[in-house]
Amino acid sequence: MAAAGLAAVAWPHGAHRLDCVSDVHLSAHDPATAAAFLGYLRAAAFDALCILGDLFEVWVGDDLLQADDPEAALARDVAAALRAVASSRPVYLMHGNRDFLLGPAFAAASGATLLADPCLLDTGGWRWLLAHGDAWCVHDADYQRFRAQARSAAWQADFAARPLAERQTLARALRAQSRAHQAQRVRAGMVDTGDVDADTVEAARQRHGANGVIHGHTHRPAAHRLPGGAPRLVLSDWDALAQPPRLQVLQLAPGGRWCVAPANA
């Protein structure tokens, strides 16, 4: 049985394929990946789409949609492309650690339904627990402290009250600080804290009555087995300029069947 109160996503009636993507990290500084994602939305034959966080490299507030800069123009293009899809098929969108400030204005502009993190997807006799994954990286104490702070209503109200340009500058500074911190840990040979804790994920799976788990965030795509034997599927990030390009999609079918395919499949 699923835990009481956990949001659930029903398998769309008559659907044969539901796509899951994560960590697309759209940015005006990476037009190739943006073009690949927009092309995928135009051409893919999915019956529904779940975006499990970090659609954007950074999101500082829905008022970005009204701004006059390259990031705002990209955001409007993405919202329009998602709305075109959502006119005929369900589009679900979960917050990530980069775009947790996506709000109702973007949801309205894109036609996407915002998902709770985590939530359940029932594919008909098989339940997937969907999450971005960052909340399960419990060994990264510094990040978990920041996550708790940034998800608080007081922090978000203070951040939203700042001018858009200031928020964009702060976001860039936070990203640079995070990259420097990660590089320093690598140089020092410190223990890797960037992956999820398998026991924490397994406890969540059991608590919510799921048969398997799907998440992103870690940029370590693979099919794992949790301590109890259930599958844990990790989504790839997107990078059109990588060699080979990383533009993977997890395609789900009824009854727990799945496969990984390139975005243009």
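Per the working numbering: the sequence shown = residues 9 to 273. Yeah, the Cβ is synthetic: ideal placement off N, Cα and C, and Gly gets one too.
Counting along the chain, the unbroken beta strand (DSSP E) around Trp266 starts and ends at 266-270. The distance from the Cβ of His140 to that of Leu60 is about 6 Å, consistent with a contact at the 8 Å cut-off.
The DSSP assignment places complete beta strand (DSSP E) segments of no fewer than 3 residues inside the stretch 126-168 at 127-130, 135-139, in order along the chain.
Distances from the CA of Asp166 to each of Leu90, Arg97, Leu109 were compared; the closest alpha carbon is that of Leu109.
For the pair Ala16 and Leu178, the Cα-to-Cα distance works out to about 35 Å. For Asp207, the uninterrupted alpha helix (DSSP H) segment begins and ends at 206-215. Residue pairing of Asp245 in beta bridges, as defined by DSSP: absent, with no partner found. With distances taken between CA atoms, Gln256 lies nearest to Val242 out of Arg265, Gly236, Val242, Gly263.
Taking a C-beta distance under 8 Å as the contact criterion, Pro98 and Ala56 qualify as a contact pair. Beta-bridge pairing by DSSP links Leu122 to Leu101.
Here the stretch 132-139 makes no contact with the stretch 155-165; the two share fewer than three CB pairs at distances below 8 Å. His223 is classed as buried because its beta carbon has at least 16 other beta carbons within 10 Å across all chains shown. Under the Cβ criterion (8 Å, minimum of three pairs), the stretch 239-253 counts as touching the stretch 23-33.
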